[in-house]
Amino acid sequence: MRGRILALAGVIAVLSVALAAPAAPGQTCPTIEEVRSSLTGEVLADGLVRLDARVREGDPLVFVRTATKPREVAARAKVSGTVIDVLVRPQQIITLGTAVARICRT
Numbered sequence: 002m003r004g005r006i007l008a009l010a011g012v013i014a015v016l017s018v019a020l021a022a023p024a025a026p027g028q029t030c031p032t033i034e035e036v037r038s039s040l041t042g043e044v045l046a047d048g049l050v051r052l053d054a055r056v057r058e059g060d061p062l063v064f065v066r067t068a069t070k071p072r073e074v075a076a077r078a079k080v081s082g083t084v085i086d087v088l089v090r091p092q093q094i095i096t097l098g099t100a101v102a103r104i105c106r107t
């Protein structure tokens, strides 16, 4: 019984540290949020979020050129955290709902 309690306490301690600390390179992220485009258009290089960028909720991640405007925000961060994956590239045509980035929530 004592061994089980110690093992459980160890698991709880590890989970507490894993959930409290932001993910470092090579570590798993406790919560990953996928961000999708709210517009259709051509991805612009200027303003495209970079891998490992720290972002806050509401920060623009991707700008596109649409049929009616030369520059418009297509996706914003839904959470604060670190960008762990950029899924689009400049000059790529994306549509409404295209996954554009993944953020590790911190």
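The sequence shown begins at 2 in this note's numbering and counts up by one. Even for Gly, the Cβ is constructed at its ideal location relative to N, Cα and C. This one's a predicted model, so the numbers in the text were calculated from it and none came from an experiment.
Do V44 and I85 come within 8 Å of each other at the CB atom, strictly closer than that value?
The count along the sequence shown starts at 1 and reaches residue 85 at position 84. The count along the sequence shown starts at 1 and reaches residue 44 at position 43. Cβ distance not < 8 Å, so I85 and V44 don't count as in contact.
In the structure shown, what three-state DSSP assignment does L62 receive?
Counting from one through the sequence shown, the residue named residue 62 turns up at place 61. In the structure shown, L62 sits in a strand (DSSP, three-state: E or B).
In chain order, what residues of the same chain have a beta carbon less than 7 Å from the beta carbon of T107, not counting five sequence neighbours either side?
On the sequence shown, residue 107 is found 106 positions in, with the first residue counted as 1. P23, S81, G82 and T83, listed in sequence order.
Would you call G42 buried or exposed, if buried means 16 or more other Cβ atoms sit within 10 Å of its Cβ?
Locating residue 42 in the sequence shown gives position 41, counting from the first residue. Looking at its Cβ environment, which holds 16 or more other Cβ atoms inside 10 Å, G42 is buried.
Tell whether a beta-carbon distance below 8 Å holds between A100 and L88.
On the sequence shown, residue 100 is found 99 positions in, with the first residue counted as 1. On the sequence shown, residue 88 is found 87 positions in, with the first residue counted as 1. Yes; because the gap between Cβ atoms is below 8 Å, this pair is in contact.
Could you tell me the alpha carbon to alpha carbon distance between L52 and V63, rounded to whole angstroms?
Residue 52 sits at position 51 when you count from the first residue of the sequence shown. Residue 63 sits at position 62 when you count from the first residue of the sequence shown. Distance between the alpha carbons of L52 and V63: 12 Å.
Taking the beta carbon of A46 as the centre, do at least 16 other beta carbons fall within 10 Å, making it buried, or is it exposed?
The count along the sequence shown starts at 1 and reaches residue 46 at position 45. When all chains shown are included, A46 counts as exposed.
Does the Cβ of A68 have 16 or more other Cβ atoms within 10 Å, making it buried, or fewer, making it exposed?
Here residue 68 is taken as the residue at index 67 of the sequence shown, counted from 1. Exposed is the call here.
Pick helix, strand or coil for G98, following the three-state DSSP scheme.
Translated into positions along the sequence shown, residue 98 becomes position 97. It is coil, neither helix nor strand.
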